[in-house]
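J.: To start, I am sharing the structure in question, which I have written as structure tokens.
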Amino acid sequence: MKNIQLWFNKNSRFAKTHNSHQDANTPSSGKLLDFSPDDLQQRLGKLLKKQNDFFPCFDWTFPPPLLNKHEPVTTAHELFCKPSVIPGRYSIYLHSPFCKSLCSFCYYAVIPGKGIDMAASYVDYLCREMALYAEQFKGQVCESIYFGGGTPSFLDDRLLGQIFENLHKHFNIDSQAEITLEAAPGTLPLEKSYFLKSLGVNRLSYGIQTLNEELLASMNRDYSVKQALTELTHAVDILGNVNVDTMYGFEGESDDTLIKTLSQFHSIGVPCFSIYSLDKQRTEYKTSFEPPKDTYYEHKIRLFAAAEDYLKSRNYVPVLQNIFVDPARASYRHQLRRWDNLPLLALGIGSQGYAPQRPYQNTGSMKSYYHLIDEGKLPLATMDKLDAELELCRELTSKLRFTHVSIGEFKYKYGVDISQVFQHLISALQNLDFVQLKNDVLRMTSKAAYYNNIIPMLFAPDNFKERLMSLPEEYLETFPVPYAMTQLGRSQTTAICFDDSSHIVNADRRRRMNPNETSQTSHARMRNGQGRRSSDRIQGWSTLSEQ
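Start counting at 1 in the sequence shown, then tack on 16, and there's your number in our numbering.
What follows is the structure, given as structure tokens:
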């Protein structure tokens, strides 16, 4: 999982800009500007001209990792002590740090080139960590599993078998759960794909990045294009639901490189694409005292827009900003469900999870990970504590950032009409053509792509922004996005008032709108392309994108 704190650094483009734009309307330390519907649009216009960081930033989280920090708890019961807004359901993320070699663009918790002995010990501890959570999740249903890294397919069959055996031993995994495993070229021979299928893996994420040999060499990728295409073709034939990670924004890359890569993948039947931009700021900021600059900022937006048009013209649908699927052949429910505030159990070093109102992250140190598990404690490094308002706004901001927001869904789930709570903020953003509100659905426009790291953050509760203002000025200057949030001033039209009777939703969100629908008919409807509900919002996104 990515460490999002890296882009909250004072050397970003916005941090250097805002110091030269102080004026009489800048709020004093510790106090937000008063709510003023008439001035809100003008404030937004000035603010968003300044906030213009690199594009796109996909590892984004709300609330920012500044406040709410608490001493991590040591037991699963303490961590998952709050009631879930989706009771009885959860998902799992596992992390394997091992891979063949370290890619030049990678900033994950990885251990390249280590032998099977170290991996075997790690898997033993991973299974022991599962046991620490088993009692807490007894009687609940795991609806999706995502096994990331690193490169999980780098593990041999025995270790993979041990992991999946323990998953089924300790957790009740839905028979129709989406189970994703990440793989990299050079680790997926034909027999491996068959073995993964026998374990229950029904979705593969293949990190190939590009089919340009010269670009591969610059990334320290240890495989050939021919080998990768052979493995990928077999995986599509055997597993079907295969995602390919592609990357763009390389220095010296021609304008048509990404389209050529996507076209070749499309020709062999790949049903899902994740598109990422190369982010050199993350790998260079530690060795440079100059403000990191994304010189390809505008160029990346054009490349991404061209790729989006290409995929849409071939009936791929964007289920997240950068993830496109053929809805007849692919799914990605795991990531979509994260934004529903579904509990996410994190296993393995460096993994990030979500207990109700308790975002947390495991330690990234192998030594600390082993030591804490030996003591019978959860291997947590950090834990936040959110209140009910921040929990709601976590879902609101994340869905606005990555998908779209159903006003009716929030009314049903929380008893809160967010179109009234943020009425004037939404209106001001509409007037600036940054959001649209149609058919009770709020989403960002294409114009908002330049500012999509900050616009969702503006929907933070006023009392949270007030807390940010209470921080020392030098602290706010260190973290530019929260600084931008505070410069807007108060933006809530009304307070957030919960209807407690509707704060808990049905356990199976697929049947939320039709309690008489069986699981079998629900899945049949999905396969027939008739649309999905709540977490599976392919049809809704497709319809909106055409309006």
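Note that the Cβ used here is the ideal one computed from N, Cα and C, for glycine as well.
By the three-class DSSP mapping on this structure, what secondary structure does Phe211 have?
T.: Residue numbering aside, residue 211 sits at position 195 when the sequence shown is read from its first letter. Note: Phe211 maps to helix in three-state DSSP.
J.: Could you give the residue range of the beta strand (DSSP E) that holds Ile224?
T.: Mapped onto the sequence shown, residue 224 falls at position 208. Counting along the chain, the beta strand (DSSP E) containing Ile224 begins and ends at Arg219 to Gln225.
J.: Name the residue from Leu175, Ile291 and Val335 whose alpha carbon lies nearest to the alpha carbon of Phe320.
T.: Here residue 320 is taken as the residue at index 304 of the sequence shown, counted from 1. Taking only the C-alpha atoms, the option nearest Phe320 is Ile291.
J.: Note the first and the last residue of the continuous beta strand (DSSP E) segment covering Arg417.
T.: Locating residue 417 in the sequence shown gives position 401, counting from the first residue. Segment Ala404 to Phe418 is the alpha helix (DSSP H) holding Arg417; no beta strand (DSSP E) there.
J.: Rounded to a whole number of angstroms, what is the C-alpha to C-alpha distance between Asn468 and Met460?
T.: Mapped onto the sequence shown, residue 468 falls at position 452. Mapped onto the sequence shown, residue 460 falls at position 444. Cα to Cα, the separation comes out at about 8 Å.
J.: Asp390 to Pro80, Cα distance in whole Å?
T.: Locating residue 390 in the sequence shown gives position 374, counting from the first residue. Locating residue 80 in the sequence shown gives position 64, counting from the first residue. Going by the C-alpha atoms only, they are around 32 Å apart.
J.: Please state whether DSSP places Tyr430 in a helix, a strand or coil.
T.: Position 414 of the sequence shown, counted from the first residue, corresponds to residue 430. In the structure shown, Tyr430 sits in a helix (DSSP, three-state: H, G or I).
J.: Do the stretch 154 to 173 and the stretch 188 to 201 make contact, defined as three or more Cβ pairs closer than 8 Å?
T.: Touching, per the Cβ criterion.
J.: DSSP state of Leu245, grouped into three classes?
T.: The residue labelled residue 245 in the question sits at position 229 within the sequence shown. Of the three classes helix, strand and coil, the one that applies to Leu245 here is helix, per DSSP.
J.: What residue range does the alpha helix (DSSP H) around Arg174 cover?
T.: Taking the first residue of the sequence shown as 1, we reach residue 174 at position 158. Note, Arg174: alpha helix (DSSP H), Asp173 to His186.
J.: Restricting to Cα atoms, I'd like to know which of Leu48, Asp50, Asp54 and Tyr326 is closest to Asn447.
T.: Residue mapping note: residue 447 aligns to position 431 of the sequence shown, counting from 1. For the residues Leu48, Asp50, Asp54 and Tyr326, the minimum Cα distance to Asn447 belongs to Asp54.
J.: What does a CB cutoff of less than 6 Å around Arg345 pick up in its chain, not counting 5 residues either side in sequence?
T.: Taking the first residue of the sequence shown as position 1, residue 345 is located at position 329. Contacts found: Pro287.
J.: Work out the CA separation of Phe211 and Glu247 for me, nearest whole Å.
T.: Residue 247 sits at position 231 when you count from the first residue of the sequence shown. Residue 211 sits at position 195 when you count from the first residue of the sequence shown. In a straight line, the C-alpha of Glu247 is about 14 Å away from that of Phe211.
J.: For Leu171 and Phe114, I'd like the C-alpha separation in whole angstroms.
T.: What you label residue 171 is simply residue 155 of the sequence shown in a count that begins at 1. What you label residue 114 is simply residue 98 of the sequence shown in a count that begins at 1. Distance between the alpha carbons of Leu171 and Phe114: 8 Å.
J.: Helix, strand or coil: which one does DSSP assign to Phe590?
T.: Since the first residue of the chain shown is 17 and the last is 563, residue 590 is not available in this structure.
J.: Quick check: Leu56 and Ser384, are their CB atoms within less than 9 Å of each other?
T.: Reading the sequence shown from its first residue, position 40 is the one you call residue 56. Reading the sequence shown from its first residue, position 368 is the one you call residue 384. No.
J.: Assign Pro488 to one of two classes, buried (16 or more other C-beta atoms within 10 Å of its C-beta) or exposed (fewer than that).
T.: Position 472 of the sequence shown holds residue 488. By the 10 Å Cβ count, Pro488 comes out exposed.
J.: What number of angstroms, rounded off, separates the C-alpha of Leu388 from the C-alpha of Asp140?
T.: Taking the first residue of the sequence shown as 1, we reach residue 388 at position 372. Taking the first residue of the sequence shown as 1, we reach residue 140 at position 124. Taking the straight line joining both Cα atoms gives about 14 Å.
J.: Under 9 Å, do Val89 and Leu95 count as touching if we go by C-beta distance?
T.: Position 73 of the sequence shown, counting from 1, holds the residue named residue 89. Position 79 of the sequence shown, counting from 1, holds the residue named residue 95. Yes.
J.: Using DSSP bridges, identify the partner residues of Pro334.
T.: As a first step, residue 334 is located in the sequence shown; it is residue number 318 there, counting from the start. For Pro334, which the question treats as bridged, DSSP gives the partners Phe340.
J.: Can you tell me which residues form a DSSP beta bridge with Thr262?
T.: Taking the sequence shown and counting its residues from 1, one reaches residue 262 at position 246. The partner list for Thr262 (beta bridge, DSSP) reads Gln225 and Ile291.
J.: Is it the case that the Cβ atoms of Leu215 and Gly177 are separated by a distance below 9 Å?
T.: Numbered from 1 along the sequence shown, position 199 holds the residue referred to as residue 215. Numbered from 1 along the sequence shown, position 161 holds the residue referred to as residue 177. Closer than 9 Å, so yes.
J.: According to DSSP, is Pro201 helix, strand or coil?
T.: Position 185 of the sequence shown, counting from 1, holds the residue named residue 201. Residue state, collapsed to three classes: coil.
J.: Work out the CA separation of Leu48 and Gln225 for me, nearest whole Å.
T.: Translated into positions along the sequence shown, residue 225 becomes position 209. Translated into positions along the sequence shown, residue 48 becomes position 32. The straight-line gap from Cα to Cα measures roughly 44 Å.
J.: In chain order, what residues of the same chain lie with their CB nearer than 7 Å to the CB of Ala147, ignoring the 5 residues before and after it?
T.: The residue labelled residue 147 in the question sits at position 131 within the sequence shown. Same-chain partners within the cutoff: His186.
J.: Would you mind stating whether His250 and Ser209 have Cβ atoms separated by less than 9 Å?
T.: Residue numbering aside, residue 250 sits at position 234 when the sequence shown is read from its first letter. Residue numbering aside, residue 209 sits at position 193 when the sequence shown is read from its first letter. Against a cut-off of 9 Å, the Cβ pair of Ser209 and His250 comes out as a contact.
J.: Is the beta carbon of Phe51 less than 9 Å from the beta carbon of Gly505?
T.: Here residue 51 refers to the residue found at position 35 when the sequence shown is read from its first residue. Here residue 505 refers to the residue found at position 489 when the sequence shown is read from its first residue. A contact, by the Cβ cut-off of 9 Å.
J.: So, for Ile284: in the same chain, excluding its five sequence neighbours on each side, which residues have a beta-carbon less than 8 Å away from its beta-carbon?
T.: Along the sequence shown, read from residue 1 onward, the residue named residue 284 stands at position 268. The answer, listed in chain order, is Leu245, Leu248, Thr249 and Val252.
J.: Mind checking Thr510: buried by the 16 CB within 10 Å criterion, or exposed?
T.: Here residue 510 is taken as the residue at index 494 of the sequence shown, counted from 1. Per the 10 Å Cβ criterion, exposed.
J.: So the alpha helix (DSSP H) Lys481 belongs to, where does it begin and stop?
T.: On the sequence shown, position 465 is the one that residue 481 refers to. Run containing Lys481: Asp478 to Met485, per the alpha helix (DSSP H) assignment.
J.: Out of Gln373, Gly369, Leu416 and Cys409, which one is the CA nearest neighbour of Pro395?
T.: Taking the sequence shown and counting its residues from 1, the one referred to as residue 395 is at position 379. Closest option to Pro395, Cα to Cα, is Gly369.
J.: Can you check DSSP and say which residues form a bridge with Tyr3?
T.: Since the first and last residues shown for the chain are 17 and 563, residue 3 lies out of range.
J.: Counting C-beta neighbours from all protein chains within 10 Å, is the total for Pro99 16 or more, i.e. buried, or is it exposed?
T.: Residue 99 sits at position 83 when you count from the first residue of the sequence shown. It counts as exposed.
J.: Leu441: which of Lys393, Phe480, Pro472 and Ser240 sits nearest, CA to CA?
T.: Numbered from its first residue, the sequence shown carries residue 441 at position 425. Considering only alpha carbons, the answer is Pro472.
J.: For Leu453, which of Ile434, Asn188, Ala465 and Lys116 has the nearest alpha-carbon?
T.: Start at 1 with the first residue of the sequence shown, and residue 453 comes out as number 437. Of the listed residues, the one whose Cα sits closest to Leu453 is Ile434.
J.: Please report how far the alpha carbon of Tyr106 lies from the alpha carbon of Ala371, in whole angstroms.
T.: By one-based count along the sequence shown, residue 106 stands at place 90. By one-based count along the sequence shown, residue 371 stands at place 355. Approximately 9 Å between the Cα atoms of the pair.
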